[in-house]
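Asks: Have a look at this one before I ask anything.
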Amino acid sequence: MRRTRISEVLKSDAVGTHVTVAGWVRTRRDSKGGFSFIEINDGSALQGLQIVADQDLSNYRSHVLRLQTGCSVTAEGTLVSSPGKGQKVELKADTIHVLGWADPESYPLQKKRHSFEFLRGIAHLRPRTNTFGAVARVRNAAAFAIHRFFQEKGFLYIHTPILTGSDCEGAGEMFRVTTLDPASVPLKNGGADYSQDFFCGPSHLTVSGQLEAEIYALAVGDVYTFGPTFRAENSNTSRHLAEFWMVEPEMAFCDLKGNVTLAVEFLKYVFAHVLEHCVEDMAFFNRFIDKSVIRTLERLVNQEFKTLTYTEAIKLLEKAGTHFEFPVAWGGDIQAEHERYLCEKVFEGPVVLIDYPKDIKAFYMKMNDDGKTVRAMDVLVPRIGEIIGGSQREDDYELLHSRITQMGFDPKDYWWYLDLRKFGSVPHSGFGLGFERLIQFVTGLSNIRDVIPFPRTPGNIAF
RNA sequence: UCCCCGGUAGCUCAGCUGGUAGAGCAGGUGGCUGUUAACCACCCUGUCGGCGGUUCGAGUCCGUCCCGGGGAGCCA
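Note that the first sequence covers residues 0 to 462 in numbering that gives the first Met the number 0.
Listed below in structure tokens is the structure:
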């Protein structure tokens, strides 16, 4: 079967050409003048194509008049300019084949707006809706833009492992991976005997590719990872998933300043790409999801990202006339409400915070000369909060060793990570971007479960 | 995990201070129309989340459990 995608048909606008299209029926409207309008969508574009089916078609009564929302069809005919409003062209069908029926009594999708909550329960059908089709296309465009950005800059795409033997990546609770029979786990010294497990030791799903990315950065310079990441936290929020996709660039010979510069350039590039390549989908989000997404993204592409230190941010928050639920104090975490105040009230735009107190950040971040703060950075955006978290890495063997010890970890578990500082250590930096959070920000969708095809959250793995 | 809100027809929801359920959409039938969230008329649909309690009587009040949403923490 040779078919032309509806996106191509709409783009070419070539009245008079003969085409075959295929897709799913969104709606059928009959005219007793002796013909029907069938709107089909094939997911290649937000917009569908209107098929005009005349009663002369051999299967008009037997099939065409029985078409309902959800049926799959192919239609072959001539592209003509449309006398009606709402579309420039339509397909005057010579033949229409029904590929699959969809019983209207039981097909869950209707020609109306459904709640996202309802659609989450039918993850196998929701991509057929306008919103989820648009999310799929925007997600694809953003992923492509990410690869293109790094490729144009000469970064190598590194495939870091999903299965990991270390349980000390320091970024949250991990999922255990095992082939041991849960009904009869071999025991040793009061615990599971992992020497009998597949890897002859405990293994987990990765919570970050950073440590492995550092290995490659310290060999080939500039690298990035883009892959699935797993966190077994019992998080029930609109911006957390147990399985999500993360982008992690890592650069040798790069300090925190260079890291911030890259992060800002990166975000602008991806936003600009989506705005340029997903015009209709973005217009859709701007109309039905969030009336300010396009304006926000456009401003962000041209706007300067305000950079300030943690200490400066605390001063600003202390001076704020607002009452915060959580008190502001140097050394404490910047709460979600504080982030929102900075982004939405003070700067009305993205904010990059750097130089956090060492005690609230990870062990691998490079110590500043003051001995109190580390070269960390968080990129905060309105509505979502933290979209990027990164740092310059500690490259001094002794300092890193003592940090690991101070945090109560065993340096033996980090032997190869420490080795990188022992042999030809160089300053290096990187960050992690939550891909789904980026898509949330770009589309305006408020729940992260609606920007990934099959969301995994506590108690939810049905699809 | 904690706090708040909710679970009523296939979907989206209404149902006041307790008196055994209703609208719109979807679906069916008929009509009408180059229609486009089509329109008009008629018809169909409910263990009111589960269990227990108060009461003459519970969708409505109380307890409890399950599920969902929003917020918080953890973070990306």
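Note that CB positions come from ideal geometry on N, CA and C, so glycine has one too.
Expressed to the nearest angstrom, what Euclidean distance is found between the alpha-carbon atoms of S6 and S390?
Replies: 42 Å
Asks: Is the beta carbon of V24 sitting closer than 9 Å to the one on L90?
Replies: no
Asks: How should Y156 be labelled, buried or exposed, when 16 other C-beta atoms within 10 angstroms of its C-beta is the threshold for buried?
Replies: exposed
Asks: Which residue from S81, S291, G22, S61 puts its Cα closest to that of G15?
Replies: S81
Asks: Evaluate contact between the stretch 109-117 and the stretch 90-100, counting only Cβ atoms and requiring at least three cross-stretch pairs below 8 Å.
Replies: no
Asks: Just checking my contact of A140 with V278 at CB under 8 Å: how many whole Å lie between their CB atoms?
Replies: Between V278 and A140 the Cβ distance is about 11 Å, and since that is not below 8 Å, they are no contact.
Asks: Which of the three DSSP states is assigned to Y363 in this structure?
Replies: coil
Asks: What separation, rounded to the nearest whole angstrom, lies between the Cα atoms of L352 and H337?
Replies: 12 Å
Asks: Can you tell me which residues form a DSSP beta bridge with N459?
Replies: Checking the DSSP bridge columns, you'll see N459 partnered with T456.
Asks: Going straight from the alpha carbon of S61 to that of K10, what length do you get?
Replies: 33 Å
Asks: Would DSSP call W100 helix, strand or coil?
Replies: coil
Asks: Let me know the secondary structure DSSP gives S71 once reduced to three states.
Replies: strand
Asks: Do the stretch 388-402 and the stretch 358-375 meet, that is, are 3 or more Cβ pairs less than 8 Å apart?
Replies: yes
Asks: Pull the bridge partners of D29 from the DSSP assignment, please.
Replies: Partner(s): S35.
Asks: Is it the case that the Cβ atoms of T224 and E211 are separated by a distance below 9 Å?
Replies: yes
Asks: Just the Cα atoms here: how many angstroms apart are G99 and G47?
Replies: 18 Å
Asks: Can you tell me the Cα-Cα spacing of S401 and G407, whole angstroms?
Replies: Cα-Cα distance, rounded: 10 Å.
Asks: Compare the Cα-Cα distances from N285 to each of K365, A133, R455, D254 and report the closest residue.
Replies: A133
Asks: How many angstroms separate the CA atom of E172 from the CA atom of I313?
Replies: 29 Å
Asks: Rounded C-beta distance between G164 and G200? I'm assuming under 8 Å.
Replies: 6 Å
Asks: Measure the C-alpha to C-alpha separation of Q109 and G69 and round it to an integer number of angstroms.
Replies: 9 Å
Asks: Counting pairs of Cβ atoms below 8 Å between the stretch 285-302 and the stretch 416-431, do you hit three or more?
Replies: no
Asks: What separation, rounded to the nearest whole angstrom, lies between the Cα atoms of F174 and P227?
Replies: 13 Å
Asks: Three or more C-beta pairs under 8 Å: does that hold for the stretch 211-220 against the stretch 249-266?
Replies: The stretch 211-220 vs the stretch 249-266: in contact.
Asks: Could you spell out where the alpha helix (DSSP H) holding Y268 opens and where it closes?
Replies: 255-276
Asks: Look up R175 in the DSSP assignment and give the residues it is bridged to.
Replies: Looking at the DSSP assignment, R175 forms a beta bridge with H203.
Asks: Tell me the residue span of the alpha helix (DSSP H) that contains K508.
Replies: Not covered by the structure: residue 508. The range shown for the chain is 0 to 462.
Asks: Looking only at its own chain, which residues have a Cβ that is under 6 Å from the Cβ of V184, when we skip the five neighbours before and after it?
Replies: A191
Asks: Which class does D395 belong to by DSSP, given the choice of helix, strand or coil?
Replies: coil
Asks: On the DSSP bridge assignment, give the partners of F225 in chain order.
Replies: V246
Asks: Where does R374 sit, in a helix, a strand or coil, going by DSSP?
Replies: strand
Asks: Of all the alpha helix (DSSP H) runs that stay within the bounds of the stretch 79-162, which reach a length of 4 or more residues?
Replies: 115-119, 129-151
Asks: Rounded to the nearest angstrom, how far is the Cβ of Q67 from that of A101, given a contact under 8 Å?
Replies: Under the criterion of beta carbons closer than 8 Å, Q67 and A101 qualify as touching, at roughly 6 Å.
Asks: Here's the rule I'm using: 16 or more other beta-carbon atoms within 10 Å means buried, otherwise exposed. How should P326 be labelled?
Replies: exposed
Asks: Of the choices G458, F149, K365, T236, whose alpha-carbon is the least far from that of I383?
Replies: The shortest C-alpha separation from I383 is found at T236.
Asks: Which stretch, first to last residue, makes up the alpha helix (DSSP H) that contains V300?
Replies: 292-301
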